[in-house]
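According to this note's numbering, the sequence shown is numbered sequentially starting from 27.
Just so you know, even glycine gets a beta-carbon here, dropped at the ideal spot from N, CA and C.
Computed from a prediction, not measured in an experiment: that's the story for all the values here.
Working notes, structure below.
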Amino acid sequence: MIPEIEKLLNEQIKFEAKASAQYLSMASWADIRGYNGVADFFYTQSEEERVHMIKLVKFINERSGTAVIPSIEKPRDDFKSLMELFETFLTSEEFVTAKINNVIYECLQHKDYNVHNFMQWYVAEQLEEEAVARTLLDKLKIIGNDKSGHYLFDRDINTFQENK
Ligand code: FEO
């Protein structure tokens with residue numbers, strides 16, 4: 027495996043691990059406040075990010091590289107509102123997308139078409155996740171501070187996840 031690409035893939039393991047931890051923290055935040063639908067949504071998102079991470083670990087190791095399991099700092103848990111929770115979700119996904127795009131750029135620079143091909147799965151995944159995050163944020167903007175709107179949002183949120 028090309029050392030520069032191996033380094034970038036290992037960094038990507040950390041970004042996916044951070045996203046998984048962040049979404050677990052967000053699930054817990056929602057769970058405590060009675061938003062059970064939102065909690066389920068983020069518990070599932072957290073699991074998905076863990077899957078993204080493990081896929082990278084296995085890919086690196088299968089290609090004679092060495093996957094490094096990173097330590098990660100404590101995720102945020104100080105959200106003021108559902109809106110801030112979902113803004114954080116979108117920001118996190120946009121960050122991961124930018125990092126994936128960078129891996130792909132470097133793959134092309136190094137003519138590593140094998141890893142480039144592998145990363146296409148992540149590109150498609152990011153498109154879906156960003157779209158879901160934007161849709162949910164749009165709904166929250168419509169709802170504003172309406173408590174019954176928040177109740178319905180929490181009740182219906184997982185229909186969006188299932189439609190992914
Ligand atoms: Fe795997 Fe949504 O970043």
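The criterion of a C-beta distance shorter than 8 Å is satisfied by ILE39 and PRO96. Around the beta carbon of ALA65, 16 or more other beta carbons lie within 10 angstroms, which makes this residue buried. The three-state secondary structure of ASN140, taken from DSSP, is helix.
Contact check for ASP103 against SER51 passes: the beta carbons are separated by less than 8 Å. DSSP places TYR69 in the uninterrupted alpha helix (DSSP H) bounded by 62-88. Rounded to the nearest angstrom, the gap between the Cα atoms of GLN146 and LEU178 is 35 Å. Here DSSP, grouped into helix, strand and coil, assigns ASN171 to coil. Contact check between the segment 151-163 and the segment 115-125: three or more CB pairs, one atom from each, fall below 8 Å, which counts as touching. When secondary structure is reduced to three states using DSSP, THR92 falls in the coil class, being assigned neither helix nor strand.
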